[in-house]
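Student: Quick one: the structure is below, questions incoming.
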Amino acid sequence: MNEPVACIRCGRKAAFSEEGLADARAKGIRDGVPFPPPIPAGVCVRCAFKDPELQEPLRQWMKDTMSWGDQRIAEFLQSARDIAAKPLDAIDRFIDSLR
Ligand SMILES: [Zn+2]
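Residue numbers (this note's numbering): 629 to 727.
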């Protein structure tokens, strides 16, 4: 099953399952975006950003992703004000849009 699973840290159903993560890694790039983000299975993006050990690779991934120049990324960047106001929600929506 590649369905998102409940996050082991917050219980929100938005984390990769082991299978989903393996599947995403096998595909590598999805819709022109380096995929998946560097987060372990069972941890949602929101919690990953709160984890000092996961934060840095995740930020790097966001940077790489943004340099891709994909239309979707452009749209994502357009909502930069959104990101400044509610960074995690914006990231969640972005990740959801990749699924
Ligand atoms: Zn979580």
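Ideal placement from N, C-alpha and C gives every residue a C-beta, glycine not left out. Note that the structure is predicted; figures quoted are calculated from it, not measured.
Does the distance from the C-beta atom of residue 652 to that of residue 663 stay below 9 Å?
Tutor: Contact annotation: residue 652 and residue 663 have beta-carbon atoms nearer than 9 Å.
Student: First and last residue of the beta strand (DSSP E) that includes residue 669?
Tutor: Neither: residue 669 is in no beta strand (DSSP E) and is coded neither H nor E.
Student: For ligand 1, I want to know if residue 639 counts as a neighbour, meaning its beta carbon is within less than 8 Å of at least one of the ligand's heavy atoms.
Tutor: yes
Student: Is there at least one non-hydrogen atom of ligand 1 closer than 8 Å to the beta-carbon of residue 721?
Tutor: no
Student: Any heavy atom of ligand 1 closer than 8 Å to the beta-carbon of residue 671?
Tutor: yes
Student: Using 8 Å as the cut-off, classify the Cβ of residue 687 as near or not near the heavy atoms of ligand 1, replying yes or no.
Tutor: no
Student: Considering only DSSP beta bridges, list what residue 643 is partnered with.
Tutor: 633
Student: Determine the direct distance from the alpha carbon of residue 634 to that of residue 656, and round the result to whole angstroms.
Tutor: 23 Å
Student: Whose CA, out of 669, 670, 719, lies closest to the CA of residue 687?
Tutor: 719
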